[in-house]
Each structure stands twice: as structure tokens, then as C-alpha cells.
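Asks: Here the working numbering is used: the sequence shown runs in plain steps of one and ends on residue 413.
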Amino acid sequence: PARFCPGALLAFSMRVLALFLFASSAHGHGFLAKPPSKNGGNQSTRAIDSIYYSVASFGIVDKAFFDGDHSVTPWTQPGGFDYKMAKELVPDHPQTLHPCGCNGGGVAHCVGVDGLATGFGETTLGAAPGVPPVLTPPQWPAGSVQEVGWNAYANHAGGYLYTLCRKEAYDACRDEHMPQGGSAASDIQTSAYLACVWGCFEATTLEWVPDSQKVQFRDDICTYARTDPLTKMGKDDHVWRSTPIPDKGQVSSGNEGRCTWDSVVGFSSVVAKERFTASFGASDVCDYGPHQRSTKNWHVMDQVQIPGSLPAGEYLLGWRWDAYMADQMWTGCADVQIVPFSTPSTSSSEADCPPAPPTTYPPPASPPPSPGGPLGGCTDNALPGNWGAAGR
22 PARFCPGALL AFSMRVLALF LFASSAHGHG FLAKPPSKNG GNQSTRAIDS IYYSVASFGI
82 VDKAFFDGDH SVTPWTQPGG FDYKMAKELV PDHPQTLHPC GCNGGGVAHC VGVDGLATGF
142 GETTLGAAPG VPPVLTPPQW PAGSVQEVGW NAYANHAGGY LYTLCRKEAY DACRDEHMPQ
202 GGSAASDIQT SAYLACVWGC FEATTLEWVP DSQKVQFRDD ICTYARTDPL TKMGKDDHVW
262 RSTPIPDKGQ VSSGNEGRCT WDSVVGFSSV VAKERFTASF GASDVCDYGP HQRSTKNWHV
322 MDQVQIPGSL PAGEYLLGWR WDAYMADQMW TGCADVQIVP FSTPSTSSSE ADCPPAPPTT
382 YPPPASPPPS PGGPLGGCTD NALPGNWGAA GR
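So this is what it looks like as C-alpha cells:
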């Protein structure tokens, strides 16, 4: 069960103040890791320090909140913060909220616009050095179950959703509404384009496979903790899943969510439990583990149902993370090939792993609030790439 502490209101107010004070830049960041994303993210990116932060900064909307209140963050209304709000929220600093993400700046810096990773399998590294690879997108049969996953450079909790858009329709939005390209597009053309691409993705929101959430250690497919997902209804009655690891001090300060071990169903191995405990503390620790905010060693993995009615062809998988403990959000996408249905199939990363040990865990004791508050130890870094003044 979730826990509430008497000091919740004060702690939350302090968090809001800190969000305002840190408005000049951002720290957090995440990316779609499986399938490999068009902004260069995959399950091994976390190990490459030279590009990780730039890849994880791609697709960020640095300021996202409702009603002029920094504490009313995107996760309070999942999916409700849209491209119009992003543009108008901060005077003189319009932001671009795009379903595939942007390397800062305007729409010309978004995936699939003005030559940026426009081809099927093409990627970009954003502001990171190097030559972006050309990938062979995975083939997903219509009607199959597929595993997807994402990674957070720093944990701001909240929740996430996956969608699909046919690439032909995605490209048509650009060609119809911005025929001269993103750099030359007017405000009216840009808005029409963004409405078109968001409509394409949101029209096919993928359903979750029950009991499929887990957190996987790095790229080791056999080392994971199985978790019981919390869900929340969002825009257009789509069901979002909550991040399974709460932010530092989130629950013990009286905010929404539950303690880390309250979500744990079991571990794939003794090693998995040891890794998890080293990162997040023993079962009596609510949300002040050593890596509670820095969760980049753990991928959030799920299985989603691919609609059986989808025509075969090239598609883009969309991922969106609406943060709770920060007024920020992230988006990204990956190329996938939908092929005709043949026989029922499931993408599983666990096929060659040894069976998980049978284990049960008693509910953790309710811990006292820890000192420091939910923002303890958080520092902000300047955003790379085409971001302008004030880190946007």
C-alpha cells in the first residue's frame, strides 16, 4: 500500500520551489531502448558515457506543467500536456513536443524532418559525436506480443505509454503540411504538422500484456526483478503504466506511488536480487536507496499487444514518458516492420534464461521519512544540442 507522511505538503512545496529555481536547465532524461530508437538509444547505450547524456537529452520538453503551477506535472494528467501547451507555456521560449523527439530548437530538429533520420532504419545521435548507425528494424507479426523497454538517466517517476504510426502516414504529415521543410514552415504549418503526427500515433495506442512489467539490469536479459504495475487512466481513456521505481523521497514525502519493494513480485535469480538490493536498498527501505534517482543501470521492460488488424508495412513505435516529480517529459520512437500474421508469437528475452527461483517477500515495514526531501542530491546540467537560452 502507498504510505502518507504528515510532512507531505511542506515537502511538496519545497520541491515546487526547487523546480522553479532550477528552471534554467534540466537533469533527468530518458530514451526508448528496445527496439533501438531513432535517436541512438539501445540497451547498451547506458555504458557509453561519451554519448549517453546527449542521447538521453533528445526529445525532452524541459518545462511541462498545468495551470501555471510547476507542481502540477505531466503525470497528474497523463497524455494531457500537448504540443500547443509546449509552444505557449514559457513566454519567448517556445518548445516543440513531437512524438519522435527533437534535438532541441524548433520542428526542423525533430526526427523525420529536414533530413534528420528520415529513412527507415536511419538514426541520429543528436548532439553526440560519431556516425549514427543504420539499423535493420525488427519484424513484428500483426497480432503478436512484443517486448519493449526504456531507460532513465535519472528517475523522475511518473508513467509511460507506447503507440504506433504507419511511416507512410508519418511522412505524409510532413509533406502535406510543411512542403518546404521544417525550417521554412510558418507557425500555422508547424501546428498543422504536429497535430497530424500526434493524431497518427495516438490513433493506435498499444495495450499492455498483463503481468509483463519488469526492471532489467543493464543488457543482461536474465537478470531482472518482476514487478506488479500500477496503472493510471489518461487522455482518451488510454491506460498508462507507472514507473516501477519511485523517485528519491517520493512516497515517504507523501506523494503518489508506492515503496520500491511493494512493487516487487520476484527475481530471476539470486544475483538479480543482490543487484536490486545494491541499487535500491533492502526491503525495509522505501525510496532512499543508493541509486533511487540514478536508475540508468535498470531498463523498464514491458510486453505490448500488436493489433492483428494492422496492414503490413513500415511503422514507427512511439514512446512517451510523463514525469511526476519534475515538470518535464520525454518522447522517442523506433522503426519496426509489421509483417502478416502467421502463427501466434511472442517476443521474449527470457527464453534461454534459467528458471526463476520460487520466492515470496513480506511487505516492507513503513519507514520514517528520511531527511533531505525528494530533491536531495539533484544537480542540473546544461542541455546539449540545439537548445537555446534557459536550457530550452
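Note that CB positions come from ideal geometry on N, CA and C, so glycine has one too.
(1) For V82, count the other beta carbons within 10 Å of its own beta carbon; 16 or more makes it buried, fewer makes it exposed. Which is it?
(2) Would G339 pass as a contact of A178 if the rule is Cβ separation under 8 Å?
(3) Assign S78 to one of three DSSP states: helix, strand, or coil.
(4) Quick one: Cα of A213 to Cα of L251, how far?
(5) Use the C-beta contact count for I266: other C-beta atoms within 10 angstroms, 16 or more gives buried, fewer gives exposed.
(6) So T442 is in the beta strand (DSSP E); what residue range does that whole segment cover?
(7) Among residues of its own chain, excluding the 5 on either side of D196, which ones have a beta-carbon nearer than 7 Å to its beta-carbon?
(8) Looking only at DSSP bridge pairs, what is C123 linked to?
(9) Which value, in whole angstroms, describes the spacing of the CA atoms of R247 and D268?
(10) Where does K294 land, buried or exposed, given buried means 16+ other C-beta within 10 angstroms?
(11) Have a look at A54, Y181, A175 and A163 and flag the residue whose alpha-carbon is nearest the alpha-carbon of P99.
(12) For L60 and V132, which I take to be in contact (beta-carbon distance under 8 Å), what is that distance rounded to the nearest angstrom?
(13) Between the C-alpha atoms of G287 and M322, what's the straight-line distance to the nearest angstrom?
(14) For P154 and R67, I'd like the C-alpha separation in whole angstroms.
(15) From this set, P332, G334, F297 and Q326, which residue's C-alpha is nearest T316's C-alpha?
(16) Going by other Cβ atoms of all chains shown within 10 Å of its Cβ, with 16 needed for buried, is P200 buried or exposed?
(17) Who does K55 pair with in a DSSP beta bridge?
(18) Below 8 Å, can you find three or more Cβ-Cβ pairs linking the segment 215 to 233 to the segment 135 to 149?
(19) Check whether the segment 155 to 174 touches the segment 201 to 220, counting contact only when three or more Cβ pairs, one atom from each stretch, lie closer than 8 Å.
(20) To which residues of the same chain is V260 closer than 7 Å at the C-beta, ignoring the five residues directly before and after it?
(21) Identify every run of the beta strand (DSSP E) within the segment 324 to 360, keeping only runs that are complete inside it and at least 3 residues long; order them along the chain.
(22) Since I believe P120 is in contact with W219 (beta carbons under 8 Å), could you give me their beta-carbon distance rounded to a whole number of angstroms?
(23) With C-beta atoms as the reference, is L185 less than 8 Å away from T225?
(24) Helix, strand or coil, according to DSSP, for M322 in the structure here?
(25) Determine the burial state of P112: buried for a count of at least 16 other Cβ atoms within 10 Å of its Cβ, exposed for fewer.
(26) Does the Cβ-Cβ distance between T281 and D308 come in under 8 Å?
(27) For V291, which option in G329, L337, T244 and G142 has the closest C-alpha, if you only look at C-alpha atoms?
(28) For C243, write down the residues that DSSP places opposite it in a beta bridge.
(29) By alpha-carbon positions, which one of D70, E109 and K235 ends up nearest to G89?
(30) Helix or strand or just coil, what does DSSP make of R67?
(31) Measuring only the C-alpha atoms, how far is A190 from G122?
(32) Under 8 Å between the Cβ atoms of S300 and N276?
(33) Checking 8 Å against the spacing of the C-beta atoms, do L53 and C354 come in under that value?
(34) Going by other Cβ atoms of all chains shown within 10 Å of its Cβ, with 16 needed for buried, is D305 buried or exposed?
(35) Just to confirm, are G80 and W351 a CB contact at a threshold of 8 Å?
(36) Going straight from the alpha carbon of N172 to that of V134, what length do you get?
Replies: Taking the structure as given:
(1) What you label residue 82 is simply residue 61 of the sequence shown in a count that begins at 1. V82 should be labelled buried.
(2) Here residue 339 corresponds to residue number 318 of the sequence shown, with the count starting at 1. Here residue 178 corresponds to residue number 157 of the sequence shown, with the count starting at 1. Contact: no.
(3) The residue you call residue 78 lines up with position 57 of the sequence shown. Here S78 sits in helix by DSSP.
(4) As a position in the sequence shown, residue 213 is number 192, starting the count at 1. As a position in the sequence shown, residue 251 is number 230, starting the count at 1. Their backbone Cα atoms lie some 35 Å apart in a straight line.
(5) The residue you call residue 266 lines up with position 245 of the sequence shown. With 16 or more other Cβ atoms within 10 Å, it is buried.
(6) There is no way to answer for residue 442, as the model of the chain reaches only from 22 to 413.
(7) The residue given as residue 196 occupies position 175 in the sequence shown. Answer for D196: no residue qualifies.
(8) As a working note, residue 123 is residue 102 in the sequence shown. Per DSSP, C131.
(9) Walking along the sequence shown from the start, residue 247 turns up at place 226. Walking along the sequence shown from the start, residue 268 turns up at place 247. Those two C-alpha atoms are separated by around 18 Å.
(10) Indexing the sequence shown from 1 puts residue 294 at position 273. By the neighbour-count rule (16 or more Cβ atoms within 10 Å), K294 is buried.
(11) What you label residue 99 is simply residue 78 of the sequence shown in a count that begins at 1. Comparing Cα positions, the closest option is Y181.
(12) Here the question's residue 60 lines up with position 39 in the sequence shown. Here the question's residue 132 lines up with position 111 in the sequence shown. Note that residue 60 is Asn in the sequence shown, not Leu. At roughly 7 Å, the Cβ-Cβ gap stays under 8 Å, so N60 and V132 are in contact.
(13) As a position in the sequence shown, residue 287 is number 266, starting the count at 1. As a position in the sequence shown, residue 322 is number 301, starting the count at 1. If I take the Cα positions, the gap works out to 15 Å.
(14) Translated into positions along the sequence shown, residue 154 becomes position 133. Translated into positions along the sequence shown, residue 67 becomes position 46. The straight-line gap from Cα to Cα measures roughly 17 Å.
(15) Numbered from 1 along the sequence shown, position 295 holds the residue referred to as residue 316. It is F297 whose Cα lies nearest to the Cα of T316.
(16) Position 179 of the sequence shown, counted from the start, is the residue given in the question as residue 200. Exposed, since its Cβ has fewer than 16 Cβ neighbours within 10 Å.
(17) In the sequence shown, the residue the question calls residue 55 occupies position 34. K55 is bridged to G170.
(18) no
(19) no
(20) Here residue 260 refers to the residue found at position 239 of the sequence shown. Answer for V260: W229, T252 and M254, listed in chain order.
(21) 334 to 343 and 350 to 360
(22) For the purposes of this step, residue 219 is taken as residue 198 along the sequence shown, with counting starting at 1. For the purposes of this step, residue 120 is taken as residue 99 along the sequence shown, with counting starting at 1. Yes, W219 and P120 are in contact; Cβ-Cβ is about 6 Å, under 8 Å.
(23) As a first step, residue 185 is located in the sequence shown; it is residue number 164 there, counting from the start. As a first step, residue 225 is located in the sequence shown; it is residue number 204 there, counting from the start. Cβ distance < 8 Å, so L185 and T225 count as in contact.
(24) Residue numbering aside, residue 322 sits at position 301 when the sequence shown is read from its first letter. M322: strand per DSSP, three-state reduction.
(25) Along the sequence shown, one-based indexing puts residue 112 at 91. The residue is exposed, with fewer than 16 neighbouring Cβ atoms inside 10 Å.
(26) Numbered from 1 along the sequence shown, position 260 holds the residue referred to as residue 281. Numbered from 1 along the sequence shown, position 287 holds the residue referred to as residue 308. Yes, Cβ-Cβ distance for T281 and D308 is below 8 Å.
(27) Residue numbering aside, residue 291 sits at position 270 when the sequence shown is read from its first letter. Here the closest residue by C-alpha is T244.
(28) In the sequence shown, residue 243 corresponds to position 222, counting from 1. DSSP lists no partner for C243.
(29) Counting from 1 along the sequence shown, the entry for residue 89 is found at position 68. For the residues D70, E109 and K235, the minimum Cα distance to G89 belongs to E109.
(30) Within the sequence shown, the letter at position 46 stands for residue 67. In the structure shown, R67 sits in a helix (DSSP, three-state: H, G or I).
(31) Taking the first residue of the sequence shown as position 1, residue 190 is located at position 169. Taking the first residue of the sequence shown as position 1, residue 122 is located at position 101. Roughly 17 Å separates the two Cα atoms.
(32) Looking up residue 300 in the sequence shown gives position 279. Looking up residue 276 in the sequence shown gives position 255. Taking 8 Å as the Cβ cut-off, S300 and N276 do not qualify as a contacting pair.
(33) As a working mapping, residue 53 is identified with position 32 in the sequence shown. As a working mapping, residue 354 is identified with position 333 in the sequence shown. Cβ atoms of L53 and C354: closer than 8 Å.
(34) By one-based count along the sequence shown, residue 305 stands at place 284. Looking at its Cβ environment, which holds fewer than 16 other Cβ atoms inside 10 Å, D305 is exposed.
(35) Taking the first residue of the sequence shown as 1, we reach residue 80 at position 59. Taking the first residue of the sequence shown as 1, we reach residue 351 at position 330. Yes, the Cβ-Cβ distance between G80 and W351 is below 8 Å.
(36) One-based indexing of the sequence shown puts residue 172 at position 151. One-based indexing of the sequence shown puts residue 134 at position 113. Each residue's Cα considered, the two are about 25 Å apart.
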